[in-house]
Every structure is written in structure tokens, then in C-alpha cells.
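In terms of the numbering used here, the sequence shown is residues 5 to 119.
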Amino acid sequence: MSKFTTVFIIFLMVLFAGVQFNDPDPLIWVAAYGAIALVGIFKLFGKGNVWVNRILILAFVVAIGFYAPHLIQWFKDGMPSVTEEMKAETPYVELVREGGGLVVGLLCLLYIVYR
5 MSKFTTVFII FLMVLFAGVQ FNDPDPLIWV AAYGAIALVG IFKLFGKGNV
55 WVNRILILAF VVAIGFYAPH LIQWFKDGMP SVTEEMKAET PYVELVREGG
105 GLVVGLLCLL YIVYR
């Protein structure tokens, strides 16, 4: 089950990276999601590097910290939908989407590294 879940996460991260090419800043997100996929691939083959994993986890935590004020404001505003339209109607919609993507990415990364 664990290998299946890791393969599923790798597939999901590659899919996430693939849909970022129409984003205004695609390289950042392709690199972030791609890095998680690579960690998963290395883990499957027993070639993981503990320091690379730790640095990547730290990078995600720091990045989430930058998005935290926007996520908190979104919660305070009653968590309005950020998926109804692709165009961001309020300033924090895109930031909430990106912050949410980082949270999902971090959770997937933590699963891969510490399973």
C-alpha cells in the first residue's frame, strides 16, 4: 500500500506541475511539485538523501509562512470559494490557492519522506 500511495503522489505532483504552465510564474511551481515527485522517485528506488529531504521540507515550511497571513485572512473572511472562477476576484484568492498548493505539497512530501 505504501508504494502504491507513493506512486500516486508522484503522479499527482507531476499532474500538478503540468497544469502550472499557464500560471504567471510557472517555473517556481513546476520546480516545487517536480521536486516532490523526484523525492518520491528516489525514495522508491532507495536512493533518498536525508539532507535534500530536510532542506526541501524547510523550504516548503518557510514558503507556507509567507502565505500564512493570506490564508488566515481567508479563514477570517469565512473561507469564500477560491475555485468558482479561474480569475481571481479578490487579491488573496491566488495567494490562497498557491498557499493551499504548498500545504498539499508539504503533506505529500512528509508522507513520502517519513512513511
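Even glycine gets a Cβ: it sits at the ideal position worked out from N, Cα and C.
Taking the C-alpha atoms as reference points, what is the distance between V54 and E88?
-> For this step, residue 54 is matched to residue 50 along the sequence shown. For this step, residue 88 is matched to residue 84 along the sequence shown. One C-alpha to the other measures close to 40 Å.
Are any of the Cβ atoms in chain C nearer than 8 Å to that of L48?
-> Among the chains of the structure shown, chain C does not appear; only one protein chain is present.
In the stretch 71-118, which residue ranges form an unbroken alpha helix (DSSP H) of at least 4 residues, counting only runs that do not cross its ends?
-> 95-118
Using the rule of at least 16 other Cβ atoms within 10 Å of the residue's Cβ for burial, across every protein chain shown, is V103 buried or exposed?
-> The sequence position of residue 103 within the sequence shown is 99, counting from 1. Note on residue identity: the sequence assigns Gly, not Val, to residue 103. Looking at its Cβ environment, which holds 16 or more other Cβ atoms inside 10 Å, G103 is buried.
May I ask you to verify whether the stretch 42-61 touches the stretch 73-87, counting CB pairs closer than 8 Å and requiring at least 3?
-> no
Is the beta carbon of I116 sitting closer than 8 Å to the one on G38?
-> Here residue 116 is taken as the residue at index 112 of the sequence shown, counted from 1. Here residue 38 is taken as the residue at index 34 of the sequence shown, counted from 1. In this structure, G38 does not lie closer than 8 Å to I116 by Cβ.
Roughly how many angstroms lie between the CA atoms of D29 and R119, to the nearest whole one?
-> Looking up residue 29 in the sequence shown gives position 25. Looking up residue 119 in the sequence shown gives position 115. Distance between the alpha carbons of D29 and R119: 31 Å.
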